[in-house]
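Peer 1: Start counting the sequence shown at 23; every next residue gets the next number (my numbering). C-beta atoms are modelled at their ideal positions from N, C-alpha and C, and glycine is treated no differently.
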Amino acid sequence: MTELRTLKVALLGCGNVGAQVARILIDDAGALASRTGARLELAGIAVRNLEAERDVELPQELFTTDAETLVKDADLVIELMGGIEPARTLILTAMRNGACVVTGNKALLAQDGPTLYEEADKAGVQLSYEAAVAGAIPILRPIRDSLSGDRITRVLGIVNGTTNFILDQMDSTGAQFADALAEAQRLGYAEADPTADVEGYDAAAKAAILASLSFHTRFALEDVSCEGITAVSAADIAAAKEAGFVIKLLAIAEKLTDEDGKTGVSVRVHPTLLPREHPLAAVRGAFNAVFIEAENAGELMFYGQGAGGTPTASAVLGDLVSAARRIVLGGPGRTETTTGHVPALPIAAAVTSYYIGLDVADQPGVLARIAQLFAEHGVSIEIMRQTIHRDADSNVESAELRIVTHRARESALAATVEAVKGLDVINSVTSVLRVEGV
Ligand code: NAP
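1. Comparing the CB of M323 with every heavy atom of the ligand NAP, is any distance shorter than 7 angstroms?
2. Is K128 near the ligand NAP, going by C-beta to nearest heavy atom under 7 angstroms?
3. Using DSSP bridges, identify the partner residues of N310.
4. Closer than 6 angstroms by C-beta to F241: which residues in its own chain qualify, once you throw out the five before and the five after it? Chain order, please.
5. Buried or exposed: P386, going by 16 or more other Cβ atoms within 10 Å of its Cβ?
6. Any idea what DSSP makes of V123, helix, strand or coil?
7. Use the C-beta contact count for S279: other C-beta atoms within 10 angstroms, 16 or more gives buried, fewer gives exposed.
8. State the DSSP-derived secondary structure class of K94, mapped to helix, strand or coil.
9. Between the alpha carbons of A206 and V454, how many angstroms are there, rounded?
10. In the DSSP assignment, the beta strand (DSSP E) including K284 goes from what residue to what residue?
11. With the cut-off set at 8 angstroms, would you say L98 and G35 are in Cβ contact?
12. Determine the direct distance from the alpha carbon of L138 to that of A129, and round the result to whole angstroms.
13. Flag A154 as yes when its Cβ comes closer than 7 angstroms to any non-hydrogen atom of the ligand NAP, and as no otherwise.
14. Which same chain residues, not among the five before or five after I159, have their C-beta less than 8 angstroms away from its C-beta?
15. Based on Cα-Cα distance, which residue from A434, S416, V418 and E419 lies nearest to G491?
16. Quick check: the region 371-380 against the region 421-428, are there 3 or more CB pairs under 8 angstroms?
17. Heavy atom of the ligand NAP less than 7 angstroms from the Cβ of T217, yes or no?
18. Tell me whether the region 148-164 and the region 254-271 touch, counting them as touching only if at least three CB pairs, one residue from each stretch, are closer than 8 angstroms.
19. Distance check for A421 and D413, CA to CA, integer angstroms please.
20. How many angstroms separate the CA atom of S170 from the CA atom of H238?
21. Considering only DSSP beta bridges, list what R456 is partnered with.
22. Pick out whichever of T332, T115 and H411 has its Cα sitting closest to the Cα of R45.
23. Would you say P108 touches the ligand ATP, meaning its beta carbon is less than 7 angstroms from a heavy atom?
24. Quick check on Q394: buried or exposed, where buried means 16 or more other Cβ atoms within 10 Å of its Cβ?
25. In angstroms with no decimal places, state the Cα-to-Cα distance between R176 and T91.
26. Report buried or exposed for P216, applying the criterion of at least 16 other Cβ atoms within 10 angstroms of its Cβ.
27. I'd like the span of the beta strand (DSSP E) that includes E422, first residue to last.
28. Is any heavy atom of the ligand NAP found at a distance shorter than 7 angstroms from the C-beta of R491?
29. Does DSSP put V99 in a helix, in a strand, or in coil?
30. Which complete beta strand (DSSP E) runs does the region 34-73 hold, if anything under 3 residues is left out?
31. What I want to know is whether the C-beta of V123 ends up closer than 7 angstroms to one or more non-hydrogen atoms of the ligand NAP.
32. Out of A53, S56, T184 and K94, which one is the CA nearest neighbour of L272?
33. With DSSP run on the structure shown, which of helix, strand or coil describes E321?
34. Alpha helix (DSSP H) containing R407: first to last residue?
35. Using DSSP bridges, identify the partner residues of V31.
36. Could you give the DSSP three-state label for V388: helix, strand or coil?
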C-alpha cells in the first residue's frame, strides 16, 4: 500500500464555524484522507485569544496567535476569521506562497474579490468560497461547474436567514418589524447590531458573488442596488397576505435590456412580494434558498441552512477536499470565467411588477384619475382594490387603494409614483414594493 502524502492545513479562526471545521478535520480524518488521496493534517489554529473557551475540545498546542507564520508553512489555508484585515493580507500571503485558500468571508469577497481572484490566477492556486453564500447550500459550485454549459438568465435568492426569520415572523404572527427583530435577537438569529442584515448589506455582498458567477463578469458591491426590510410594516405584510402574496427579502441578478437597447445585468436586493405558490414563498424561518432560471435547465431550486457553525463547516470541508484533490492530482487552480463582460445596469432599468399602497380622499372620480395617470406613464394596472375607512373623531372618510401593476420599468414606475404624489386627492403613498414570480 502506498503511503499517503500529508497536506498541512492552517485554520484561521476558531469561532462558530472554525471550531466545527477543526472538529470534523480531526474526527473524520480517515474518511477525508480516503476521499482526498492525502492526509489532511491540522497544523495549527490562529486565534486572537489563547485563553478563550471553545465550542469544541481541541488540543491546546494547536492554538497560536501568530497567523502569519502559520499560513507560510501551509498547503491549504482556511480563513474563518471574518472582517477585512488581517484576513485579506493573510489570504494574499498564503496564495503567494502557493497555498490553496478556502474562505467564508463574503464581506471581504464583496469588497476586494477581484484582487483575491487575480492573485489566485497569478499564483495558480485555488480560492474557494462556497460557505460565503447561503451557508451549507451547495450553490456556487453548481452555478460555476454544473451550469457552465448553460446560460443562466435569472437568480432569485433568499440568502439572509435573519431577515427571512423576521419577515416570516411578521407574516405568521402579524407582528411589527421591531417586535419580530427583538424575537430574532432573543432566539440568537439576529445580532445585537442587526444593521448588516436588516439593511440588506449582507444579502448585497452575496448578490454580487452570485451575479459574478452566474454572468461570468465580476460585479462589486457598488454594482448592487440595496434596500433592506426596516420600512416593511405589519400593514404591508397584511395587505400582501390578503392579495395572496408573501414578502421576502430577495437578492436578484437578472439579464435585462435597458430602454436604450443595452444588455446588462441588474443586481439588486429589496423586499419583494411573491405569490404564495412560488417555491421561494415556502422558505420559512431562518432557512435560505436560491432559485435559478437557466435557458436549458429551466427552473432549479437549492434549499437548506444558510448559517450555523456545523452546516457552514460542511461547505468549507467540501471546498477543502476539492482543493486538496487538486493538489494531489496536480494541475492549475480552477479559475473563474470572466469573459461575459456584461455591464451592471442601474435599478432604473429593472423591469418588474409593483405593489403600491395609497391613502386617498374618498371622492367620486378619484380611481379614474389615478388609473389615467398610470396609463399616461405607460404602467398598466393589473389589480386595483379599494377599502373605505371612516375616522371616528372627524367622521371624514378616506380610502385605501392597493394597486398591483403589470411588469413595468422601474424608471416609469418611479415617475408614476411622483406624479401620483402630486394629485390633490392623495393623502399619502403608504408603500411601493416590487413583485416577482407573477
Ligand atoms: P466568529 O465566531 O466571530 O469567529 C471568528 C474567529 O476568528 C475567532 O476564533 C477569533 O478569535 C478569530 N479572529 C478574529 N480576528 C482575528 C485576528 N485578527 N487574528 C486571529 N484570529 C482572529 O466568526 P464565525 O461566525 O465563525 O464566521 C467566520 C467567517 O465565516 C466569517 O467571515 C463569516 O462571515 C463566515 N460565515 C459565517 C457563518 C455562520 O453561520 N457563522 C455562515 C457563513 C459564513 P478569538 O476566538 O480568539 O476571538
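Peer 2: Considering the structure as presented:
1. no
2. yes
3. G326
4. A230, A233, S234, V289 and A366
5. exposed
6. In this structure, V123 counts as strand in the three-state DSSP scheme.
7. In the sequence as presented, Ser is not what sits at residue 279; that position holds Thr. Exposed, by the Cβ-count rule.
8. helix
9. 25 angstroms
10. Careful: K284 lies outside any beta strand (DSSP E) and carries neither H nor E.
11. no
12. 13 angstroms
13. yes
14. N310, A311, V312, F324, Y325, G326, Q327, G328 and A337
15. Nothing in the structure corresponds to residue 491, since the chain is present only between 23 and 460.
16. yes
17. T217 Cβ: outside cutoff for every heavy atom of the ligand NAP.
18. With a cut-off of 8 angstroms, the region 254-271 and the region 148-164 do not count as touching, because too few Cβ pairs lie within range.
19. 11 angstroms
20. If you draw a straight line from the Cα of S170 to the Cα of H238, it is about 10 angstroms long.
21. T294 and Y376
22. T332
23. In terms of ligand content, the structure shown lacks the ligand ATP and carries the ligand NAP instead.
24. exposed
25. For the pair R176 and T91, the Cα-to-Cα distance works out to about 43 angstroms.
26. If you draw a 10 Å sphere on the C-beta of P216, you find 16 or more other C-beta atoms in it, and that means buried.
27. Under the DSSP assignment, E422 falls in the beta strand (DSSP E) whose first and last residues are E419 to T427.
28. The requested residue 491 does not occur in the structure, where the chain is confined to residues 23 to 460.
29. The three-state reading of DSSP puts V99 in strand, counting E and B together.
30. The qualifying runs are 60-68.
31. no
32. The residue with the shortest Cα to Cα distance from L272 is T184.
33. strand
34. Segment I403 to R412 is the beta strand (DSSP E) holding R407; no alpha helix (DSSP H) there.
35. L64 and L98
36. V388: helix per DSSP, three-state reduction.
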